[in-house]
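Engineer:
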Amino acid sequence: MPLTLVTIACLSDNYAYLVHDAGSGATAVVDVPDAGPVQAALEERGWALTDILLTHHHHDHVGGVETLRAATGAAVWGAAQDAHRLPPLDRPVEPGRDERFGDDTVRVIDVPGHTVGHIAYFMAPSNLLFSGDSLMALGCGRLFEGTPEQMWGSLGAMADLPEDTIVCSGHEYTKANAAFALSLGDVPDALRRRAEEVTAARAKGLATVPTRLGLEKATNPFLRASDPALKAALGMENASDVDVFARTRALKDAF
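For the sequence shown, this note's numbering begins at 1 and goes up steadily by one.
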C-alpha cells in the first residue's frame, strides 16, 4: 500500500510532514519545527509516532524534537556527519546507505548548500522526496554554509529522481519565489500559469506544497540554470551552469 502523507503547518511559515504506513502501522514525521501541531495531527488520526526524520540542524526544523520524543518514544534519525549539532540521534544515517520505513526503501541523499550537513530522504516506491531547505517550491535554500557548486550538485542529484516525485519542502515561500522567478525576464507559459495558481491558493490560505518534481524542473529557476533561455535573459549565454545558478541565487538574496 502507498504511504499516506499529511502536510502540517507549523510556526509562521514552516511545514512538517507525517508519513504513515498502514500495513505496519509505522508513522514518521519529517522535521519538527514545533511539537504541538504534530501531536494534534497524530491524535486526530489515531497514529502512534515511531520515527522522527531530520533534514538539518536549524532550530525551525528541530525545535520540537525533544518534546515529541519524550511524548512518543519515537526514534530520531539524522545525518551521522552532523550529529554534533542535531538533537541526540537514535538512528544516525549516512548518504548512499539505504534505510527502511514500512515497506519503502529510504534513500538518504547528501544535499549540502543551505547547510553542509543537510540531507534529503527519498522514499521509494512511494516517490516521496523530503528536501527540507534544499530544493524548495520554485526555489532553493539560501546558502548559509555551502557553496554554489555544492548546491547546484545537490539540486542535480534530486532532479535525477522520477518526474512524478512528490517534493515535500520545508517552508511556505512559494508566492515570493514565484515573484522572483517572474522578475528574471524568462517566463515560460508553465511558470506564468503556476504563479497565478500560487497566488490564488495563498489568497484562500491553502498550502502550495508539496509539489511535483516535473513541475519544478519546468518552472523553478534554480533548476533551470542550464536552460539557454534563462541564460540569455541573464545575459550569460556563454556562462557555465553553476555560474548561472550562482548569479540567480545572488539575485534572489537581494530581491
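Think of the CB as a built atom: it goes at the ideal place given N, C-alpha and C, for glycine as much as any other residue.
Predicted model, so just to flag it, every value in this text is computed and none were measured.
Tell me whether SER154 is buried or exposed, calling it buried when 16 or more other Cβ atoms sit within 10 Å of its Cβ.
Structural biologist: Taking the sequence shown and counting its residues from 1, the one referred to as residue 154 is at position 154. It counts as buried.
Engineer: Measure the alpha-carbon distance for THR115 versus LEU223 and round it to whole angstroms.
Structural biologist: Taking the sequence shown and counting its residues from 1, the one referred to as residue 115 is at position 115. Taking the sequence shown and counting its residues from 1, the one referred to as residue 223 is at position 223. Approximately 19 Å, taken between the alpha carbons.
Engineer: Can you pull the DSSP bridge partners for GLU99?
Structural biologist: Taking the sequence shown and counting its residues from 1, the one referred to as residue 99 is at position 99. GLU99 is bridged to VAL106.
Engineer: Starting from ASP253, trace the alpha helix (DSSP H) in both directions and tell me its first and last residue.
Structural biologist: The residue you call residue 253 lines up with position 253 of the sequence shown. Note, ASP253: alpha helix (DSSP H), 241-253.
Engineer: If you compare alpha carbons, which of HIS61, LEU5 and ASP13 is closest to VAL32?
Structural biologist: Locating residue 32 in the sequence shown gives position 32, where the first residue counts as 1. When each option's Cα is compared against that of VAL32, the closest is HIS61.
Engineer: Run through DSSP, which three-state label would ALA79 get?
Structural biologist: One-based indexing of the sequence shown puts residue 79 at position 79. It is a strand residue.
Engineer: In whole angstroms, what is the alpha-carbon distance linking PHE101 and ALA239?
Structural biologist: Here residue 101 refers to the residue found at position 101 of the sequence shown. Here residue 239 refers to the residue found at position 239 of the sequence shown. When rounded, the distance between both Cα atoms is 42 Å.
Engineer: If you pair each beta-carbon of the stretch 75-92 with each one of the stretch 137-146, do three or more pairs fall below 8 Å?
Structural biologist: Taking 8 Å as the limit for Cβ pairs, the verdict is that the stretch 137-146 does not touch the stretch 75-92.
Engineer: With a cut-off of 8 Å on the beta carbons, I'd call ASP21 and ASP103 a contact; round off their distance for me.
Structural biologist: For the purposes of this step, residue 21 is taken as the residue at position 21 of the sequence shown. For the purposes of this step, residue 103 is taken as the residue at position 103 of the sequence shown. Yes, ASP21 and ASP103 are in contact; Cβ-Cβ is about 6 Å, under 8 Å.
Engineer: On the three-pair Cβ rule with 8 Å, is the stretch 175-191 touching the stretch 21-30?
Structural biologist: no
Engineer: Return the chain-ordered list of same chain residues with a C-beta closer than 7 Å to the C-beta of PRO221, the five sequence neighbours on each side being excluded.
Structural biologist: Here residue 221 is taken as the residue at index 221 of the sequence shown, counted from 1. Counting only Cβ-Cβ distances below 7 Å, and skipping sequence neighbours, we find ALA181, LEU184, LEU230 and THR248.
Engineer: Do you know offhand how far ALA41's Cα is from ILE8's?
Structural biologist: For the purposes of this step, residue 41 is taken as the residue at position 41 of the sequence shown. For the purposes of this step, residue 8 is taken as the residue at position 8 of the sequence shown. Their backbone Cα atoms lie some 8 Å apart in a straight line.
Engineer: Starting from the C-beta of ALA246, find all residues in its chain whose C-beta is less than 6 Å away, skip the five residues before and the five after it, and write them out in chain order.
Structural biologist: Indexing the sequence shown from 1 puts residue 246 at position 246. Here the set comprises PRO148.
Engineer: What residue from LEU5, ASP90 and VAL111 has the CA that sits closest to GLY73's CA?
Structural biologist: Here residue 73 refers to the residue found at position 73 when the sequence shown is read from its first residue. Ranking the options by Cα distance to GLY73, first place goes to ASP90.
Engineer: Quick one: complete beta strand (DSSP E) runs, 3+ long, within the stretch 143-193?
Structural biologist: 166-169
Engineer: Since I believe ARG194 is in contact with THR219 (beta carbons under 8 Å), could you give me their beta-carbon distance rounded to a whole number of angstroms?
Structural biologist: Position 219 of the sequence shown, counted from the first residue, corresponds to residue 219. Position 194 of the sequence shown, counted from the first residue, corresponds to residue 194. That belief holds up - the Cβ atoms of THR219 and ARG194 are roughly 5 Å apart, short of 8 Å.
Engineer: Given this structure, state the Cα-to-Cα distance separating ILE119 from ALA35, to the nearest angstrom.
Structural biologist: Translated into the one-based positions of the sequence shown, residue 119 becomes position 119. Translated into the one-based positions of the sequence shown, residue 35 becomes position 35. Roughly 21 Å separates the two Cα atoms.
Engineer: Apart from the five residues on each side of it in sequence, which residues of its chain come closer than 6 Å, Cβ to Cβ, to THR50?
Structural biologist: In the sequence shown, the residue the question calls residue 50 occupies position 50. If we look at THR50 and ignore the five residues flanking it on each side, its Cβ neighbours are ALA26, THR27 and ALA74.
Engineer: Do you know how far the Cα of SER24 is from the Cα of SER169?
Structural biologist: On the sequence shown, position 169 is the one that residue 169 refers to. On the sequence shown, position 24 is the one that residue 24 refers to. SER169 and SER24: Cα-Cα distance of roughly 25 Å.
Engineer: May I have the straight-line CA-CA distance separating VAL209 from ALA190, to the nearest angstrom?
Structural biologist: Along the sequence shown, read from residue 1 onward, the residue named residue 209 stands at position 209. Along the sequence shown, read from residue 1 onward, the residue named residue 190 stands at position 190. C-alpha separation (whole angstroms): 17 Å.
Engineer: For LYS217, tell me which candidate among ASP164, VAL244, ALA232 and LEU251 has the shortest Cα-Cα distance.
Structural biologist: Taking the first residue of the sequence shown as position 1, residue 217 is located at position 217. It is ASP164 whose Cα lies nearest to the Cα of LYS217.
Engineer: For ASN220, which residues does DSSP report across the bridge?
Structural biologist: Here residue 220 corresponds to residue number 220 of the sequence shown, with the count starting at 1. Answer is none; ASN220 lacks a bridge partner.
Engineer: Can you list, in chain order, the residues of its chain whose CB lies under 7 Å from that of LEU161, leaving out five sequence neighbours each side?
Structural biologist: Here residue 161 refers to the residue found at position 161 when the sequence shown is read from its first residue. Hits under 7 Å: PHE122, LEU129 and LEU213.
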